[in-house]
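Peer 1: Quick note, the sequences are listed as chains R and F, same order. Here the first sequence stands for residues 6 to 216, where the numbers follow this note's numbering. Here the second sequence stands for residues 6 to 216, where the numbers follow this note's numbering.
2 protein chains.
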Amino acid sequence: MTPALPSQSPAPRRRGRPPRTEGAPDAPAARDRILTAARNEFAERGYDKTSIRGIAKAAGVDPALVHHYFGTKDQIFGAAVELIFAPTLAAPDAVHGGSREGAGERMARFMFGVWENPVTRLPLLAVMRSALTNEAAAAVLRGMIERRLLLRMVVELHVSNPEFRAQLAASHMIGIAMLRYVIRMEPMASAPVEDIVAMVGPTLQRYLTED
Amino acid sequence: MTPALPSQSPAPRRRGRPPRTEGAPDAPAARDRILTAARNEFAERGYDKTSIRGIAKAAGVDPALVHHYFGTKDQIFGAAVELIFAPTLAAPDAVHGGSREGAGERMARFMFGVWENPVTRLPLLAVMRSALTNEAAAAVLRGMIERRLLLRMVVELHVSNPEFRAQLAASHMIGIAMLRYVIRMEPMASAPVEDIVAMVGPTLQRYLTED
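1) Does any CB atom of chain R fall closer than 8 Å to the CB of E46(F)?
2) Span of the alpha helix (DSSP H) holding V202(F)?
3) Taking C-beta pairs closer than 7 Å, name the residues in chain R that Q80(F) reaches, listed in chain order.
4) By the criterion of Cβ-Cβ separation under 8 Å, what are the contact partners of E87(F) in chain R?
5) Can you tell me whether DSSP reads E191(F) as helix, strand or coil?
6) Between Y212(F) and chain R, is any beta-carbon pair separated by less than 8 Å?
7) Under a three-way DSSP split, which group does A91(F) fall into?
8) Answer yes or no: does any C-beta atom of chain F fall closer than 8 Å to that of H177(R)?
9) Can you tell me which of the three DSSP states G59(R) falls into?
10) Going straight from the alpha carbon of Q172(R) to that of D200(F), what length do you get?
11) Which two residues bound the contiguous alpha helix (DSSP H) that contains E168(F)?
12) Could you name the residues of the segment 152-182 of chain F whose beta carbon sits closer than 9 Å to any beta carbon of chain R, in the order they occur along the chain?
13) Quick one: residues in its chain with C-beta nearer than 8 Å to the C-beta of R111(R), no 5 flanking neighbours on either side, listed in chain order?
14) If you measure from the beta carbon of V100(R) to each beta carbon in chain F, is any gap under 8 Å?
15) Step through the CB atoms of chain R and report whether any lies within less than 8 Å of the CB of V187(F).
16) For T159(F), which residues in the same chain have their Cβ closer than 7 Å to its Cβ, ignoring the five residues on either side in sequence?
17) Exposed or buried, what is T26(R) when buried is set at 16 or more other beta-carbons lying within 10 Å of its beta-carbon?
18) Taking 8 Å as the cut-off, decide whether the C-beta atoms of A66(R) and A43(R) are in contact.
19) Taking 7 Å as the limit between beta carbons, can you name the residues of its chain near Y74(F), skipping five residues before and five after?
20) With 16 as the cutoff for other CB atoms within 10 Å, does E106(R) come out buried or exposed?
21) Grab me the residues of L184(F)'s own chain with a C-beta within less than 7 Å of its C-beta, minus the 5 sequence neighbours each way, in chain order.
22) Measuring only between beta-carbons, confirm whether P192(F) sits less than 8 Å from chain R.
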């Protein structure tokens, strides 16, 4: 929707919608554009090299608007991380959405479903890099995983020390991601997903279900 | 040994030792000092922020001497990485130096022996960070691990796909290190090493020995 130009009469008021002032971006669209820009900036440049100003520029808005919707750099990083992790947040549903015997394999397959696709993988790796090189970013990531992922994973794990076991399982997949996609060490980098799932599935199964 | 001062007569020649010119550092000591400085610089600043000039300054030598002994930045990074990984390079001996049944547990305990000590852990994490954020650093690390670690680990693994299995085992430990020491997520961050070894030992055992 284009804002009214100076030479035209003001756009007619639409019922239920506040009048639009010239130049004021449509609020929900602006917020989305800022969040998308934030995700892209953090994914491309990492936490350290991303700024509110850079995000604002990429979104085509004033930096004050970024502050208005999201607050501090850490707060917008948190929002971007939640967006980047959105596909991963479905992991508990995958793990718990089937027979108990298949939980480990489902977890492994689910993670590869996210990582084998560069569109979902690259921003995730960028977030991991940021967490590795910046304490504030690590704290944001930690908080997000605890609130949005870990709780939902463990609530249906009927084993002792479920948080510990969920983290053992997650750590295994994270380590595989590092060798396969980041350090790119062979043969892990090129191994068929099926081969990895065949080895790792039983491991995750034991962690998640066997007391 | 202090170099001769201008007002003194030159130091007497010592049999078997080349004459020392004023200001010329004792060669082996200088090389060691440079390597130690390189390790510290890379460990503190990471790959990107470390330079030949910075290393030379920390070692108290001319940058030309750094080039003389080590070559390019990647070559001195490689030498520093080998120094930083020296404790880890004993892993194959630990794994293979005992009964087959204890291999997995020995590997897990050995890794914790290196990581639980901040003196050995911190430079390792710095190298991992560098590899994560810099492609050249990742290539150096990859080459060093392949040449110095992987080969010796697999030569005594009598299973199918020994390199793949060794990397599965290593990836598990790397992922645990990331959760425990870098992202510092609880309960993994504070779990007793014994608890982790109890869960992970059997996993590594299966990867390393069971076909």
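Where a beta carbon is used, it is the ideal one built from N, C-alpha and C, also for glycine. Keep in mind that this is a model prediction, so the values were computed, not measured.
Peer 2: Once the coordinates are examined:
1) no
2) V198 to T214
3) Within chain R, no residue comes near Q80(F); the closest Cβ sits about 19 Å away, beyond 7 Å.
4) Here the premise fails: no neighbours, minimum Cβ distance about 16 Å.
5) coil
6) yes
7) coil
8) Yes - at least one Cβ of chain F is within 8 Å of the one on H177(R).
9) helix
10) Using only the alpha carbons, I get a separation of about 13 Å.
11) P167 to A182
12) L155, N166, E168, F169, R170, Q172, L173, A175, S176, H177, M178, I179, G180, I181 and A182
13) Hits under 8 Å: A99, V100, G102 and G103.
14) no
15) Taking Cβ atoms only, chain R reaches closer than 8 Å to V187(F), which makes this a yes.
16) First, the residue type needs correcting, since residue 159(F) is Val and not Thr in the sequence shown. Closer than 7 Å at the Cβ level, and outside the excluded window around V159(F), lie P167, E168 and A171.
17) With a pLDDT of 48 at T26(R), under the threshold of 50, the modelled position of this residue cannot be trusted; read the value that follows with caution. With fewer than 16 Cβ atoms within 10 Å of its Cβ, T26(R) is classed as exposed.
18) The question names Ala, yet the displayed sequence has Val at residue 66(R). Contact: no.
19) Answer for Y74(F): R36 and I39, listed in chain order.
20) exposed
21) M190 and M193
22) yes
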